[in-house]
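2 protein chains.
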Amino acid sequence: MERLLQHLKNIYDLNPELQVALQESFQQVSLSKGDYLIREGKTCRHLYFLEQGCLRGFYQVEDREVTHWFGFENDFVTSFHSFITQQPAIENIQLIEDCRLWSISKDRLNGLLASHHKAERLLRMAYEQYYIRLEERYVNAQFKSASELYEDLLDRTPHIIERVPLGYVAAYLGMSQETLSRVRSRLAH
Amino acid sequence: MERLLQHLKNIYDLNPELQVALQESFQQVSLSKGDYLIREGKTCRHLYFLEQGCLRGFYQVEDREVTHWFGFENDFVTSFHSFITQQPAIENIQLIEDCRLWSISKDRLNGLLASHHKAERLLRMAYEQYYIRLEERYVNAQFKSASELYEDLLDRTPHIIERVPLGYVAAYLGMSQETLSRVRSRLAH
DNA sequence: CATATCTTTTGATATTGGTCAAAAAAACGG
DNA sequence: CCGTTTTTTTGACCAATATCAAAAGATATG
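Residue numbers (the working numbering), protein chains in the order written: chain S, 1 to 189; chain Y, 190 to 378.
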């Protein structure tokens, strides 16, 4: 749990009461590679903090899977759309490695937000960070070529290539696996 | 200002004190078609609420402009990246029509957030909405063909086509102007 | 209202990346 | 280890979209 608290402190300082409340609110969850954290169609009632491991979010589009996101250590994980609106998720989240997570229910989180102004601030600031990140990825994805996208990934998030099968990475970058493979071989020579 | 208060009430109820504080914190701004609200390189110190009119955000990429976003009535407008981090903006925001806006400075906003738990909540919930919207657009943009993107736009945000020059719309959809034109003519026949 | 300017369309051609199929390489289980 | 399965690469071909150039249409301005 130290890692979660430290992560929150990096967003904005924690006061001792909130720290205690947080410790009482999160529960540890351990899951294995291949397990699903969230399944399409189920409403997502928990927010998770990923302490160790990595996972992917993907859509089932007709007969194939389209990975659109990866989570690593220190990421908050959920189907945001489902968790926020409490509608059924349209995506799946599946573990790429064994993971250790901390989980908090929506109700419990709402309790924290209602009773701690600072919790509300923390979450607001976390959303700010996530919003900026997503915006950056969006612009990137839309306006760059396959090889630019791959080189950017190498620059900015090299851990993705190291820990994730290339098929998932290709979908994440919005290209076919074959194209990614060709981009890589061109770059190597 | 009624429109702004109503919009905030739609996100989450306002108490009277916060309502007064908001009224004292926002200032009206009127600008003309073609004017810039934000210029690349300048740090963005204000958040705006767009009461009337429409505008676009665009990047200057080498020798051309890439429009990536439109704002309409009831949208909050700023370069979020710059406003949040207080780093120089990497995008421009320019008016497509004459606009009436309400503006609040970052400092003033921080004051409101510090003194009103409910302001913090409102902003957090606004970010939630904006996050979901962006995520939806992202997945859309990445995994659909030109004509699907255009038909989606017709379905979901027809006001964009009615009020924005097609050149900007094409960039927003991530295709060339010529491709958009051809998609439209195929659809018409 | 005529000219200049800006926006949209159309045509010809080039490029990028997709798909299908198969080979090669790597990882996995007994 | 060895065979099996999964992942990655390679090749041939095709489709979608980009680019460049020019025409047509719309809008604005003196």
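Glycine included, every Cβ here is placed at the ideal spot set by N, Cα and C.
The alpha helix (DSSP H) that contains residue i, what's its start and end?
i	result
PHE80(S)	80-85
LEU301(Y)	295-304
LEU355(Y)	355-362
ARG371(Y)	366-377
SER334(Y)	Run containing SER334(Y): none; DSSP gives neither H nor E here.
GLU351(Y)	347-352
Output yes or no for whether 8 Å exceeds the beta carbon distance between residue i and residue j.
i	j	result
GLN142(S)	ALA330(Y)	yes
GLU317(Y)	TYR12(S)	no
GLU120(S)	GLU309(Y)	yes
GLU135(S)	PHE259(Y)	no
LEU37(S)	ILE93(S)	yes
LEU311(Y)	SER214(Y)	no
THR43(S)	SER82(S)	yes
PHE49(S)	TRP102(S)	yes
ALA359(Y)	THR368(Y)	yes
LEU14(S)	LEU5(S)	yes
ARG100(S)	GLN28(S)	yes
TYR131(S)	TYR361(Y)	no
HIS348(Y)	PHE265(Y)	no
For residue i, name the three-state secondary structure that DSSP assigns.
i	result
PRO88(S)	strand
LEU255(Y)	A small fix is needed here, since residue 255(Y) is Val in this sequence, not Leu. Three-state DSSP puts VAL255(Y) in a strand.
GLU240(Y)	strand
LEU290(Y)	strand
TYR12(S)	coil
ARG56(S)	strand
ILE132(S)	helix
Go to residue i, then tell me how far its beta strand (DSSP E) extends in each direction, as first and last residue.
i	result
VAL29(S)	27-31
ILE227(Y)	225-227
Going by C-alpha distance, which of the options is nearest residue i?
i	options	result
GLU191(Y)	GLU240(Y), ASP344(Y), LYS222(Y)	GLU240(Y)
GLU229(Y)	ASP296(Y), VAL218(Y), GLN249(Y)	GLN249(Y)
ARG412(Y)	TYR339(Y), ARG352(Y), ILE349(Y), ARG345(Y)	A question about residue 412(Y) goes unanswered here, because the residues of chain Y that appear run from 190 up to 378.
ARG184(S)	PRO88(S), ALA171(S), LEU154(S), ARG163(S)	LEU154(S)
SER219(Y)	LEU312(Y), CYS243(Y), ILE273(Y)	CYS243(Y)
GLY356(Y)	TRP291(Y), ILE285(Y), ILE273(Y)	ILE285(Y)
ASP107(S)	HIS7(S), PHE58(S), ILE84(S), PHE76(S)	ILE84(S)
GLN19(S)	LYS118(S), ALA146(S), ILE161(S), SER147(S)	LYS118(S)
ALA21(S)	VAL77(S), SER32(S), ASP75(S), ASN110(S)	ASN110(S)
ASN74(S)	LEU8(S), ALA146(S), VAL164(S), HIS116(S)	LEU8(S)
SER336(Y)	GLY363(Y), HIS305(Y), PRO277(Y)	GLY363(Y)
GLU251(Y)	ARG137(S), THR78(S), GLU62(S), LYS144(S)	LYS144(S)
SER32(S)	THR78(S), ILE161(S), ASP98(S), PRO88(S)	ASP98(S)
ASP152(S)	THR78(S), ARG137(S), GLU162(S)	ARG137(S)
So, is residue i buried or exposed, given that buried needs 16 or more other C-beta atoms within 10 angstroms?
i	result
ARG64(S)	exposed
ARG313(Y)	buried
GLY34(S)	exposed
HIS235(Y)	buried
VAL139(S)	buried
ALA114(S)	exposed
ARG56(S)	buried
HIS68(S)	buried
ARG133(S)	exposed
ARG186(S)	exposed
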